[in-house]
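Numbering that gives the first Met the number 0 numbers the first residue of the sequence shown as 0 and each following residue consecutively.
Even for Gly, the Cβ is constructed at its ideal location relative to N, Cα and C.
Below: the structure, in structure tokens.
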Amino acid sequence: MEAALAKATLLSLGNPVIPTATTSSSSFKDIAQKGISAAHCFDLAFAVAARLRRTYGNDADKLALAANLRPALNAAVLNLRALYAADHSPAHAYHLFELLEQTRATALSDALRQQRALALTGIPDTLLDREESLRREAAILENDLKKKELERDSAEVDRLQVVSFRASMAYSELLTKLQNEYPQFRQYTQADQAAEFKTIAEALPDTTALLSWHDAGDRYLCVILQRGNLSPYEVPRDTTLDNSLARFIAVLSDKTAQERDANAFFRDAYFLGQKLLPQEALSSAKSLIIIPDGGLCRLPFEVLLTQAHTGGFGNAPYLLRSHTVQYAWSATLLTQPALATPTASGMLHLAPFATSARDGLAPLPNSLRDKPAHLSADVLQGAAATTDVFLKKAPFYTALHLSTHASAGGRAVPGIEFADRTLTVPEIYAQRFHASLVSLSACETAAGSFAQSEGVLSLARAFAYAGAQSLVASHWSVNDRSTADLFAAFYDNLSKGMTKAEALRQAKLQYLSSSEMDVRKAPFHWAAFTLTGMDGPVDLDGGRGWGWWIVLAAGLVGGVFFWWKRKYHK
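Set out below in structure tokens:
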């Protein structure tokens, strides 16, 4: 791998190959050939790295490998970009897109592929139970270790590191056993991660543009996929752009700053919109799927302005008004079919702090309003909303809604709050959910540390890791009243058959057109929540609506008729 990377770096093109009047045809071809040879060497190195990654037993090692490969990835991306600039060959654009897909969210993809392998390869229940036991034991130990590290208890940290290592080894040994004894399990887990370009292109509607971003250091590079065509789009990074982006993201979570100087906020929103929104894609698409990278991972694009604006918040020309926007960790994950879950149906609503709270946490009196009254759901509230009860029930629901408190970390282990305790990120990683939709109506559930090529290691990602197909999560601390209004409209829209992305968009538009004072229509109140993952409708009733009653009634009538016929017509 190192030899291939060294040769690739030596041959790679850092700048576009653009022939001039003084450049001979043969010289131009020689330079371009160097770039093509570099691309082949990079491909070889990344293929070796992918095989190496599959031998790693934990995510920490996988994330470290991705971080170490990041400079090489940047060089490979810029090399392909230079080749495309030279001849605008679609082959170079396809190669660039597939390279980004091969290196995106690899740890997350590995985990989901392993889940499919465990579910679909006929492994005996005894081994599946053993896998679950070891997985959860490792999560508990990791959780305990993180707590002791934060407490700076060095003696206990040393002890837990040893115990945790042994548990990790036991789990790795079991996976090796499964790979050796069940060839189909090995085939699933060792399969190529990235979907082919053709598969991804065919999965996109004609009215949708996919924007795949890469932070190359000196520029943001975006590959736009629409109607089967690819086109790279570049945004040079300079002090003005970086400062504007950092300032804008900071002000988004600051209600007072937005109210104090709305026009300054609008100036940044329009400037960033002009820079980061490719006009060609905007003019020909109705919906956008955005795969962000770097600092763009913390930006809700729908709040950017498509036109200059001064004045009120409620009538500003946000991107939201013209386009449905959703996000993804990778395009490949959008093409993978969900596991069949015949036992999952309906909605589970968790509201542990609707009337009171614990450990200094504030009550959330509006949390029961997150769901409209007409929508059927099983509700866990107050003292009944415990961690154990939730974990036992959650795998059997199509939709999970958590109206609670959460923390992205800081001086505590990241987690989400229940009536009895915190459910931490390591514990969530160890679960197996089957939900089509998980909504995290809590603060900072889309926030967290950033890992190169993997994205933000957030609570939302933890639920995705556990199997949730899509997440609605927040980028900053949110107001519980406006959150309740937003989610009630969101679920009402879903119950009418809208897709998840469109239901969330319409809920935000409904909030902006409501009778609220204009100051309460500032993006602080509605823009925090974004949808990441698979789109599509959600059956929130789970067979508990009128359709189910009709089937039940028909069954009862049929049963009575059968009984009557046997009794009187023997």
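Rounded to the nearest angstrom, what separates residue i and residue j at their Cα positions?
i, j, result
"Ala376", "Glu453", "34 Å"
"Gly546", "Gly345", "Residue confidence for Gly546 is low, a pLDDT of 40 falling below 50, so the modelled location carries little weight; the figure read from the coordinates is stated next. Cα to Cα, the separation comes out at about 13 Å."
"Asp241", "Leu303", "15 Å"
"Gly544", "Ser494", "Its pLDDT being 43, under 50, Gly544 is placed unreliably by the model, and nothing is read from it."
"Ala463", "Asp29", "46 Å"
"Ile248", "Trp212", "18 Å"
"Asp42", "Leu332", "21 Å"
"Ala20", "Glu279", "Legend: pLDDT at Ala20 = 47, less than 50; position of this residue unreliable, no value from coordinates given."
"Leu508", "Pro316", "11 Å"
"Pro299", "Thr323", "12 Å"
"His348", "Ser435", "14 Å"
"Ile223", "Leu99", "12 Å"
"Trp548", "Leu539", "Any reading at Trp548 must be qualified, since the residue scores a pLDDT of 37, below 50, and its modelled position is unreliable; the value itself is stated next. So the alpha carbons of these two residues sit roughly 15 Å apart."
"Leu318", "Glu1", "44 Å"
"Arg236", "Leu244", "11 Å"
"Pro231", "Asn78", "13 Å"
"Thr125", "Arg135", "16 Å"
"Ala411", "Ala85", "51 Å"
"Ser329", "Thr207", "15 Å"
"Arg275", "Glu501", "Reading off the sequence, residue 275 comes out as Leu, not Arg. Cα-Cα distance, rounded: 22 Å."
Quick one: grab the DSSP three-state call for residue i.
i, result
"Ile223", "strand"
"Gly546", "In this predicted model, Gly546 has a pLDDT of only 40, less than 50, meaning its place in the structure is not dependable enough to derive any value."
"Ala398", "strand"
"Pro425", "helix"
"Val324", "strand"
"Ile30", "helix"
"Leu12", "coil"
"Phe45", "helix"
"Thr120", "coil"
"Val537", "coil"
"Thr239", "helix"
"Gly170", "Note that residue 170 is Tyr in the sequence shown, not Gly. It is helical."
"Tyr187", "helix"
"Ala20", "Low per-residue confidence applies at Ala20: pLDDT is 47, beneath 50, and the placement is therefore not dependable enough to give any value."
"Leu374", "coil"
"Thr531", "strand"
"Arg158", "helix"
"Glu515", "coil"
"Thr342", "coil"
"Gly56", "coil"
"Pro204", "coil"
"Pro522", "helix"
"Gln335", "coil"
On the DSSP bridge list, what partners appear for residue i?
i, result
"His213", "Leu220"
"Val437", "Leu399, Leu470"
"Asn142", "The partner list for Asn142 (beta bridge, DSSP) is empty, contrary to what the question assumes."
"Val234", "Tyr219"
"Gln192", "Answer is none; Gln192 lacks a bridge partner."
"Asn228", "Gln225"
"Ser406", "Gly414"
"Ala350", "Gln380"
"Ile288", "Leu209, Gln325"
"Tyr181", "DSSP lists no partner for Tyr181."
"Tyr317", "Leu304"
Quick one, which of the options has its alpha-carbon nearest residue i's?
i, options, result
"Ala256", "His524, Phe45, Ser514, Arg460", "His524"
"Asn57", "Lys33, Ala137, Pro89, Arg480", "Ala137"
"Ala487", "Ala506, Ala472, Lys499, Ala500", "Ala506"
"Leu209", "Ser512, Val234, Val302, Ile288", "Ile288"
"Gln430", "Arg460, Ala465, Ser406, Cys442", "Ala465"
"Ala570", "Ser252, Ala85, Leu140, Ala46", "Since the first residue shown for the chain is 0 and the last is 569, residue 570 is missing from the structure and cannot be characterised."
"Ala106", "Lys61, Pro70, Gly294, Asp540", "Lys61"
"Leu363", "Phe352, Asp369, Pro371", "Phe352"
"Thr397", "Leu10, Val162, Gln468", "Gln468"
"Pro394", "Glu416, Leu485, Leu338", "Leu338"
"Ala169", "Glu501, Val156, Glu130, Gln189", "Glu130"
"Asp205", "Leu244, Ser286, Leu144, Asn67", "Ser286"
"Gln32", "Leu82, Lys6, Leu68", "Leu82"
"His474", "Gln451, Gly496, Thr444, Asn262", "Thr444"
"Ser512", "Leu485, Met497, Pro536", "Leu485"
"Arg80", "Leu4, Asn179, Arg50, Leu229", "Leu229"
"Gln101", "Leu174, Cys442, Leu72, Glu301", "Leu72"
"Cys296", "Thr529, Tyr93, Tyr510, Ala500", "Thr529"
May I ask whether a heavy atom of the ligand GTP can be found less than 6 Å away from the beta carbon of residue i?
i, result
"Ala337", "The ligand GTP is absent from the structure shown, which contains no ligands of any kind."
Under 7 Å, Cβ to Cβ, is there at least one residue of chain B near residue i?
i, result
"Glu97", "Looking at the structure shown, chain B is missing, and only one protein chain is on hand."
Quick one: which unbroken alpha helix (DSSP H) runs of 4-plus residues sit fully inside the segment 64-108? Chain order, please.
Runs found: 89-101.
Pick out the complete beta strand (DSSP E) segments inside the segment 443-509, 3 residues or longer, and give them in chain order.
DSSP runs (the beta strand (DSSP E)) wholly in the segment 443-509: 447-450, 454-457, 469-473.
Can you list the beta strand (DSSP E) stretches of 3 or more residues lying completely in the segment 258-286, in chain order?
None, since the segment 258-286 contains no complete beta strand (DSSP E) of that length.
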